[in-house]
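So the structure is just underneath, and the comments pick up after that.
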Amino acid sequence: MALYKILSALLDYPDQDLIDAIPEIGVEIGRSPDIDSSEKDTLRTFLDYVAQQPLTELQASYVKTFDLTPEHSLHLTHHFFGDDNDRNRGPALIDLGELYKDYGVQTTTNELPDYLPLILEFAAMLEDTEATTFLADANKVLTVLADNLAKAGSPYAPLLSIIKSRATLTRLAA
694 MALYKILSAL LDYPDQDLID AIPEIGVEIG RSPDIDSSEK DTLRTFLDYV AQQPLTELQA
754 SYVKTFDLTP EHSLHLTHHF FGDDNDRNRG PALIDLGELY KDYGVQTTTN ELPDYLPLIL
814 EFAAMLEDTE ATTFLADANK VLTVLADNLA KAGSPYAPLL SIIKSRATLT RLAA
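Here the sequence shown is numbered in this note's numbering, starting from 694 and rising by one per residue.
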């Protein structure tokens, strides 16, 4: 699903490749039938924000938001277990890594398997119903993360709101 691939790119650490891809991402947003009009508006607004910021400011803001503020961590198991509880977090990370392997996914990043952009890359490979079910397992954490970012006035908050709204089993019942 194109939406999850786009969100993965936008939630990853910003670099020159992202800046260079802004026009292509904008085209993909416009032509993707699986992205509704309000989501398209949100994504375009975020792309405008990215395009208007110097790369070093984007990077500094990203680090401050996600790396230096634990309640904004993009490592989802951190919100379940915290960094100090490796006894429970470790098996959850292993299980997620094994799930990726079961689907033939080879991760080529140094990130842990619970890193949200990596999770979104995986979800993009799944059928829509399967992706919704997979993400619904993390709905509670996604809700907390979206709320924390909104309270902080982060420009990333609307992106998390899209994910949160997609990560609910009630979408499947509709």
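Beta carbons: idealized from backbone N, C-alpha and C, even for Gly.
Note that this is a predicted model, so its numbers are computed, not measured.
Find the nearest neighbour of residue i within the set the options, judged by alpha-carbon distance.
{"i": "serine 854", "options": "Ala839, Lys844, Pro848, Thr861", "result": "Ala839"}
{"i": "threonine 749", "options": "Tyr706, Leu805, Glu820, Thr800", "result": "Tyr706"}
{"i": "serine 766", "options": "Ala850, Asp741, Leu740, Gly723", "result": "Ala850"}
{"i": "tyrosine 796", "options": "Tyr808, Leu700, Glu814", "result": "Glu814"}
{"i": "leucine 842", "options": "Tyr755, Gln745, Gly719", "result": "Tyr755"}
{"i": "arginine 724", "options": "Gln799, Ala695, Ile856", "result": "Ala695"}
{"i": "leucine 769", "options": "Arg782, Val798, Tyr793", "result": "Arg782"}
{"i": "glutamine 746", "options": "Glu823, Asp708, Ser731", "result": "Asp708"}
{"i": "leucine 835", "options": "Lys733, Lys698, Glu764, Ile787", "result": "Glu764"}
{"i": "proline 716", "options": "Arg737, Thr825, Asp727", "result": "Arg737"}
{"i": "aspartate 788", "options": "Asp807, Gln799, Thr802", "result": "Asp807"}
Which of the three DSSP states, helix, strand or coil, is assigned to residue i?
{"i": "tyrosine 808", "result": "strand"}
{"i": "glycine 783", "result": "helix"}
{"i": "alanine 695", "result": "helix"}
Taking the alpha-carbon positions, what's the residue i to residue j distance?
{"i": "aspartate 830", "j": "histidine 772", "result": "13 Å"}
{"i": "threonine 762", "j": "alanine 714", "result": "28 Å"}
For residue i, report the span of its alpha helix (DSSP H) as first-last.
{"i": "serine 854", "result": "850-859"}
Less than 6 Å between the CB of residue i and some heavy atom of the ligand COA, yes or no?
{"i": "alanine 816", "result": "Looking for the ligand COA in the displayed structure turns up nothing, as the structure carries no ligands at all."}
Quick one: complete alpha helix (DSSP H) runs, 4+ long, within the stretch 785-843? As far as the stretch 785-843 is concerned, its whole alpha helix (DSSP H) runs of at least 4 residues are 809-818, 821-829.
Where are the alpha helix (DSSP H) runs, 4 residues long or more, that stay fully inside the stretch 697-780, in chain order? With a minimum length of 4 residues, the continuous alpha helix (DSSP H) runs that stay inside the stretch 697-780 are 709-724, 730-745, 748-755, 769-774.
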